[in-house]
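Undergrad:
Numbering (this note's numbering), first residue to last: 1 to 651.
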């Protein structure tokens, strides 16, 4: 289960100043397959645990407004394509940290944030990570003064009318004990009012949460309600019904709270009747491991839907709805088919018309027999789909669905290509029609490429990439652009040579190509063919795509966007030493090229020296005195003395 870095006591360090930026005077441009830093800060100040928010005036958009740094917020896209954000664990207007209950709206066409409700402060309830209580009002009745309490990792949906829904999440009591919610809320953007629609308005006084009321499988009822939980995943079907799966929380047990109970129950909520129906998974999770209560999955046959199939319990998974209305689920921290706990990379498809799951790709078991491991990612070639490609196990990633119905995944905490468990910034696309993953950007390993490249505010560039993170939020706007905000992750500080956990408030936009067919830029070419030469060579690198940027190395390593950028011809002049140039091309509208390479050996012939003798003493023939010679050797070759002065002692 992911823990908030803000609450976990990690240290932060100054990162080259402080900046909160907006696009008030920056022309907005876009380009396919490129990231654009659109707002928020590209630095982390000290000693704050993230950037403070700039709230402005309630209900008034402004270019300088920006939510504070946070992770685990809830997000929606309304019927007009505006983006909404609620709460999370992070920083308020004063830079104080806690569980937030602020509500924000972002207009992609104006690039302005509006603080729409909730508090600009986290309050002070005596906890190290405080929160403000909610104002519930009357069940089912919207009111201007209603507001959910501060929380993180709640579930969210947008229904068929464009109303926003919120369920559950995590917060704290005044004594610092964690409390988990099972309350359901509806927000109407047209009148800016919340309505408490179900669940309890009284958190457990001793912490923990409340058990679920499951009723009969497949039967909606007014008394049904999922148990308290966090980090569940959600979908909205074509009829506007809301679906909920898993998370960490409470099943039907009334026993005291047990740390790490991973759920795999599936629920459907009908906004027209305000009734929940338990649709699948377990209502009672067995507590049969030392790591907590877990419910294993039933995978069945790869690619084959069946009524008995069900993903195992998990938290922090990602979800999509494709163009056909099918639900998709990937990864999370959870339980494999062998009751081992780890970072999962299994991909599932659910058909709400048949109520059947199909295991589509990834592994049904985490590696080995130890809990808390995960499968490495298989990245393949950047921009090239392949049946063997698959992201590594992870939780806390974010997702988008493009206009073609393809599924996109970014980041999270999990396993890279080398099997290292880190926070990631890799970008993936999955094509449901071919069942193939494509690695689209970011780093395949946690290294300097994971630090992020912001570029210029509002200017897309092929080199731009968000820093590695988990627990961010994501949206798709009405034009099909992807948006990314905030999250938590490690930030590398060169001065200390160490990573520090931080929270972000940077805003990014990514425009996927209008076509689902992607091509790589042509590989660079060298003006001098590889081979052995008897004179110094000057090598020019070029690419067939006009304006392409070329990065190269001469130390044998594979170039990345952090390698040396090619600007002037390269001189190769080493004697009898192999020198290999590797190069890649990066261009707008293309994926990075394949690596081109050329190996050169410069083997210059030896030459005789021309020596001029100059006596430097009155009588150089006498024993013990010396003679100075000037030796001129052109060209320099093996075994020869470079041009200069040598001395010989007369014996």
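Ideal Cβ placement from N, Cα and C applies to all residues, glycine included.
I'd like to check one pair, residue 355 with residue 276: are the Cβ atoms closer than 7 Å?
TA: Contact: no.
Undergrad: Around the Cβ of residue 570, are there at least 16 other Cβ atoms within 10 angstroms (buried) or fewer (exposed)?
TA: Its Cβ being crowded by 16 or more others within 10 Å, residue 570 is buried.
Undergrad: Who are residue 413's beta bridge partners in DSSP?
TA: 395, 423.
Undergrad: Hey, would you say residue 63 sits closer than 7 Å to residue 56, going by beta carbons?
TA: Their beta carbons are not under 7 Å apart, which means residue 63 does not touch residue 56 by this criterion.
Undergrad: Compute the distance between the beta-carbons of residue 541 and residue 572, then report whether it is under 7 Å.
TA: No, Cβ-Cβ distance for residue 541 and residue 572 is not below 7 Å.
Undergrad: What whole-angstrom Cβ distance do residue 375 and residue 393 have, given they're in contact under 8 Å?
TA: Going by Cβ atoms, the distance from residue 375 to residue 393 rounds to 5 Å, so yes, they are a contact pair.
Undergrad: Here's the rule: buried if 16 or more other CB atoms are within 10 angstroms of the residue's CB, otherwise exposed. What is residue 387?
TA: Exposed is the call here.
Undergrad: What would DSSP say about residue 600, mapped onto helix, strand or coil?
TA: Here residue 600 sits in strand by DSSP.
Undergrad: So residue 502 and residue 50 are in contact, right, with Cβ under 8 Å, and what is the actual spacing, rounded?
TA: So it is a contact: roughly 6 Å between Cβ atoms.
Undergrad: Would you give the residue range spanned by the beta strand (DSSP E) that residue 551 belongs to?
TA: Note, residue 551: beta strand (DSSP E), 549-553.
Undergrad: Let me make sure I understand the geometry here. Which of 60, 65, 42, 59 has the alpha-carbon closest to that of residue 53?
TA: Cα-wise, what sits closest to residue 53 is 65.
Undergrad: Select from 103, 338, 93 the residue whose C-alpha is nearest the C-alpha of residue 666.
TA: With the chain running from 1 to 651 in the structure shown, residue 666 is simply not present.
Undergrad: Reducing DSSP to helix, strand and coil, say where residue 510 ends up.
TA: Residue 510 falls in the strand class under three-state DSSP.
Undergrad: Closest by CA to residue 586, which one among 320, 293, 441, 504?
TA: Selected option, being the one with the closest Cα: 441.
Undergrad: Any idea what DSSP makes of residue 516, helix, strand or coil?
TA: Here residue 516 scores only 39 on pLDDT, less than 50, and its place in the model should not be relied on; the value that follows carries that caveat. Three-state result, residue 516: coil.
Undergrad: Should residue 596 and residue 524 be called a contact, given that it needs their Cβ atoms to be closer than 7 Å?
TA: In this structure, residue 524 lies closer than 7 Å to residue 596 by Cβ.
Undergrad: For residue 322, report the span of its beta strand (DSSP E) as first-last.
TA: Note, residue 322: premise wrong, no beta strand (DSSP E); not H, not E.
Undergrad: If you count every other CB in all the chains shown that lies within 10 Å of the CB of residue 136, and 16 or more means buried, which is it?
TA: When all chains shown are included, residue 136 counts as buried.
Undergrad: Work out the CA separation of residue 69 and residue 278 for me, nearest whole Å.
TA: Going from the Cα of residue 278 to the Cα of residue 69 covers about 36 Å.
Undergrad: Under DSSP, the beta strand (DSSP E) around residue 51 begins and ends at which residues?
TA: Here residue 51 belongs to no beta strand (DSSP E), and DSSP marks it neither H nor E.
Undergrad: Is the segment 227-238 close to the segment 174-184, with three or more CB pairs under 8 Å?
TA: With the cut-off at 8 Å, the segment 227-238 and the segment 174-184 touch.
Undergrad: DSSP state of residue 451, grouped into three classes?
TA: Helix.
Undergrad: Apart from the five residues on each side of it in sequence, which residues of its chain come closer than 6 Å, Cβ to Cβ, to residue 201?
TA: Excluding sequence neighbours, residue 201 sits near 136.
Undergrad: Does the segment 104-120 touch the segment 153-165, meaning 3 or more C-beta pairs lie closer than 8 Å?
TA: The answer is no - the segment 104-120 does not touch the segment 153-165, with fewer than three Cβ pairs under 8 Å.
Undergrad: Once you ignore the five residues that flank residue 305 on each side, which residues in its own chain have a CB closer than 6 Å to its CB?
TA: The answer, listed in chain order, is 356, 358.
Undergrad: With H, G and I counted as helix, E and B as strand and the rest as coil, what does DSSP make of residue 136?
TA: Residue state, collapsed to three classes: coil.
Undergrad: Check residue 141 in the structure and name its three-state DSSP category.
TA: Note: residue 141 maps to coil in three-state DSSP.
Undergrad: Find the nearest neighbour of residue 658 within the set 124, 145, 444, judged by alpha-carbon distance.
TA: Since the first and last residues shown for the chain are 1 and 651, residue 658 lies out of range.
Undergrad: Are residue 318 and residue 330 closer than 7 Å when you measure CB to CB?
TA: Yes, these two residues count as a Cβ contact at 7 Å.
Undergrad: In angstroms with no decimal places, state the Cα-to-Cα distance between residue 453 and residue 462.
TA: One C-alpha to the other measures close to 10 Å.
Undergrad: Check whether the Cβ atoms of residue 282 and residue 260 sit closer than 7 Å, and answer yes or no.
TA: No, Cβ-Cβ distance for residue 282 and residue 260 is not below 7 Å.
Undergrad: From this set, 193, 312, 506, which residue's C-alpha is nearest residue 248's C-alpha?
TA: The residue with the shortest Cα to Cα distance from residue 248 is 312.
Undergrad: Specify, as a first and last residue, the run of the beta strand (DSSP E) that residue 361 falls within.
TA: Unbroken beta strand (DSSP E) run through residue 361: 356-361.
Undergrad: Report yes or no: do the segment 551-571 and the segment 527-541 share at least 3 C-beta pairs separated by less than 8 Å?
TA: Yes, they touch.
Undergrad: Between residue 241 and residue 165, what straight-line distance do the alpha-carbon atoms span, to the nearest angstrom?
TA: The straight-line gap from Cα to Cα measures roughly 11 Å.
Undergrad: Classify residue 34 as buried or exposed, calling it buried when 16 or more other Cβ atoms lie within 10 Å of its own Cβ.
TA: Per the 10 Å Cβ criterion, buried.
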